[in-house]
Amino acid sequence: MNKRYLLLFLIVAALQKPVEAQEYDLTGFELSIDQDYFADFLRDSTTLSDNYTVALRLGFYGALANHPYLALPFVREKIDGFLLDKILYNIGFRQERKSHNFVFTVVGFSPQHISDQIPDFAEDTLAGYSHFQDRPFSSFTGFRSTRRIEGNKLFVHSARRLDMAINSSFTFGFASLGLVKSVENLFGAHRPDGNLWEQDGSKEYAVGQVNRSLMPVFMYQLAAEAVIWRPVKKLALQVRPELSLGYYTHLGLGFDIGKVMNVEKMVDNLSYTDTHNPGVLLVNNEHLSLAISAGAIARLVLYNAHLSGWFGWGDDHYISFSDTKRVIYEAYAGIKLQAFKKVEINFSVNTRTAEFNLLQAQRTSWGTFGLKILLAEEGEGCYD
């Protein structure tokens, strides 16, 4: 009888790990918003016509976010298998956690003036402002599939362990849909409603979006995080290399430093909601928990469709390759709060150096507000 109980115990123990390793079907929901007016408190003065950045992200986490019926996860998995997974295996990367995220996102960029129906526009035009010396209108509307794996790499000779995370994303959607104008007007607070997003040949200045409407665009991105210094358990400094290929093609190298939650090994990059920055969802083991982070990155930009259009094919107003800055810098500082293991709120302030060399180019600043509904168990609940 004892042998039977022992055999039963061994069978249950053998099955227990795979059961625990299963990723939950649905672990949480996310709403994130980028708006320039969130950072107005940093400006010496504000006007109705400066610093336009807008983004909206709606998404969910869990195994359902990796379902092949969503199409993008299938494409991303094929690319991951060809470019990434074999490399991780060959370098001895040991996976500990994995999560998936699927989002609908709207991103918009616009010049300093989005409306010609306010006094500021006429005054600035008389003072020498020109849309042709500013960035063009541009937007992206589409979906993104993301996989995040966390683990470590052991160095045998030094007995050192390097905690790492690798994010891979595939983004597909369309340029120049009218939805971004509605989002900008909805969340624009005291900014004027934009009326210059559509093409209008009767106007003497550049209006309308740089890319033709419904033009399909895509991007594949890899981003890694490696903790290089951990002076105390909850404080970490990590480096963050990036690579993206598609409508935004760049190489980047950045860092993040911050106080993390109990169950986190890596610093959560709390910067903006554009398609460069996948979200992270992890439920802490305390009813009230706080994380603070800051970071910066340098990007070598090889191609940016938001500035240059589809290689100049489209509207007359676009930034030429020679006028596009090859290296830009970004920085952020953010905070996130989890309450009762069910709700997470985060906020960050972001800044980016000028992206082109024309007269109206300027450094831009904006804020990001995010809300997540947590459905998973604490600690390991979001991962397999």
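When we follow this note's numbering, the leftmost residue of the sequence shown carries the number -3, and every step to the right adds one. A virtual CB, placed ideally from N, CA and C, is assigned to each residue, including glycine. Just so you know, these numbers come straight off a predicted model, no measurement behind them.
Here N191 carries a coil assignment [DSSP, helix/strand/coil]. Pairwise C-beta distances place the stretch 327 to 339 out of contact with the stretch 298 to 307, as fewer than three of them are shorter than 8 angstroms.
Straight-line measurement puts the Cα of L278 at about 28 angstroms from the Cα of Y325.
Short of 6 angstroms from the beta carbon of A118, and not among the five residues preceding or following it, lies no beta carbon of its own chain. Across the set D196, T23, Y268 and G204, the C-alpha of Y268 shows the shortest separation from the C-alpha of A35. Rounded to the nearest whole angstrom, the CA to CA distance from L158 to A232 is 12 angstroms. Looking at the DSSP output, S126 bridges to nothing.
Note: F117 is not bridge-paired with any residue in the DSSP secondary-structure output. Of the residues assessed, N281 falls on the exposed side of the cut-off, its CB having fewer than 16 other CB atoms within 10 angstroms. Note on the stretch 166 to 247: whole beta strand (DSSP E) runs with a minimum of 3 residues are 211 to 228 and 231 to 242, in chain order.
In this structure F78 is not in contact with S141, their Cβ atoms being roughly 16 angstroms apart against a cut-off of 8 angstroms.
Contact between the stretch 146 to 156 and the stretch 200 to 207 is absent: fewer than 3 CB-CB pairs across the two stretches fall below 8 angstroms.
Per DSSP, reduced to three states, the secondary structure at F336 is coil, with no helix or strand assignment. Note that the C-beta distance between N207 and W362 is not below 7 angstroms. Following the DSSP letters along the chain, one finds E92 inside the beta strand (DSSP E) bounded by residues F89 to F105.
Annotated as distal: T347 and D30, with beta-carbon spacing of 7 angstroms or more. Only residues of its own chain outside the window of five on either side were considered, and among them V263, I288 and S289 have a CB closer than 6 angstroms to the CB of G254, listed in chain order. Contact check between the stretch 48 to 60 and the stretch 97 to 113: three or more CB pairs, one atom from each, fall below 8 angstroms, which counts as touching. The straight-line gap separating the alpha-carbon atoms of R236 and A123 is approximately 42 angstroms.
Just measuring C-alpha positions, the residue of L210, N265 and T349 sitting nearest G169 is L210. If you ignore the 5 residues before and after F166, its C-beta comes within less than 6 angstroms of the C-beta of L68, V71, R72, S141 and Y216, all in its own chain and listed in chain order.
Each of S198, V213 and E374 was checked against the Cα of L284, and the nearest Cα belongs to E374. Exposure of A294 is indicated by the presence of fewer than 16 other C-beta atoms within 10 angstroms of its C-beta.
Counting only the Cα atoms, F139 lies some 28 angstroms from D312. With contacts defined as CB atoms closer than 7 angstroms, F214 and G174 fail to qualify as a contacting pair. Using a Cβ distance threshold of 7 angstroms, A219 and N163 count as a contacting pair. Around the beta carbon of P132, 16 or more other beta carbons lie within 10 angstroms, which makes this residue buried. Proximity to L286 across H96, D270, F343 and L192 peaks at F343, based on C-alpha coordinates. When only Cα atoms are considered, A185 and V179 end up about 11 angstroms apart. Per the DSSP secondary-structure output, A292 pairs in a beta bridge with F251 and A327.
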